[in-house]
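The structure under discussion appears below in the form of structure tokens.
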Amino acid sequence: MTIKEIQEEIIDEFSMFDDWMQRYEYMIELGKSLPLIEEQYKTDDNLIKGCQSKVWVHAELDGDKLIFTADSDAIITKGIIAILVRAFSNQKPQDIIDADTQFIDEIGLKEHLSPTRANGLVSMIKQLKLYAVAYQTQLK
């Protein structure tokens, strides 16, 4: 699936819920299915700066696709990074770089997060894209 198709799928899933409590519960469930980062990668180098909670993200190239694993010490934050990992993992670095993140606004996520979590969300997106840039240069 393309990034856009995955994003559309996420939008559809979130639209099934009537209120934000249900969406938060769904995000927590998504966090439980997150491809977890190996303990050896839970280092300061893999911590996302700008998040109030601890969020670790690791990326590695598998062929020409970037695979992300992550974890967080907070359940909502874990759900947020799970959504991003789902949208961007197993994609080509250039596609990640070119992808927009409008789907975040479409599911209403940013407006329902505290300012510190919203800043953390921006930091997570930025970090995933930075990984993509770094790996894209290796592919050339």
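In case it helps, full-length UniProt numbering puts the sequence shown at residues 1 to 140.
Virtual Cβ for every residue (Gly too), placed ideally from N, Cα, C.
Predicted, not measured: the structure shown is a model, and the values here were computed from it.
Once the 5 residues before and after residue i are set aside, which same chain residues still bring their CB inside 8 Å of it?
| i | result |
| --- | --- |
| tryptophan 56 | Ile37, Tyr41, Lys42, Thr43, Asn46, Leu47, Ile48, Ala70, Asp71 and Ser72 |
| glutamine 136 | Pro93, Gln94 and Ile97 |
Can you give the beta carbon distance from residue i to residue j, rounded, assuming they're within the 8 Å contact cut?
| i | j | result |
| --- | --- | --- |
| glutamine 91 | lysine 110 | Not confirmed; about 22 Å, so no contact. |
Cutting at 6 Å between CB atoms, please list the residues of its own chain near residue i, excluding the five before and the five after it.
| i | result |
| --- | --- |
| threonine 116 | Gln52 |
| alanine 74 | Ser53 |
| alanine 99 | Ile3 |
| serine 89 | Ile67 and Phe68 |
Is residue i helix, strand or coil when you go by DSSP?
| i | result |
| --- | --- |
| lysine 65 | strand |
| residue 141 | Only positions 1 to 140 of the chain appear in this structure, which leaves residue 141 out of reach. |
| leucine 34 | coil |
| phenylalanine 14 | helix |
| methionine 1 | coil |
So which of the options has the shortest CA-CA distance to residue i?
| i | options | result |
| --- | --- | --- |
| alanine 82 | Leu61, Met16 and Ile28 | Ile28 |
| lysine 54 | Ser123, Gln94, Lys129 and Leu139 | Ser123 |
| phenylalanine 68 | Gly79, Leu84 and Ile76 | Leu84 |
| lysine 129 | Ile107, Ala59 and Lys140 | Ala59 |
| serine 33 | Ala118, Gln127 and Ile80 | Ile80 |
| proline 35 | Gly108, Ile11 and Lys78 | Lys78 |
Tell me which same chain residues have a C-beta within less than 7 Å of the C-beta of residue i, skipping the five on either side of it?
| i | result |
| --- | --- |
| glutamine 7 | Ala87 and Phe103 |
| threonine 101 | Ile125 |
| histidine 112 | Trp20 |
| tyrosine 24 | Ile76 |
Practice task
Entirely within the segment 41–117 and at least 4 residues each: give me those alpha helix (DSSP H) ranges in chain order.
Solution key: 75–88, 93–98 and 102–106
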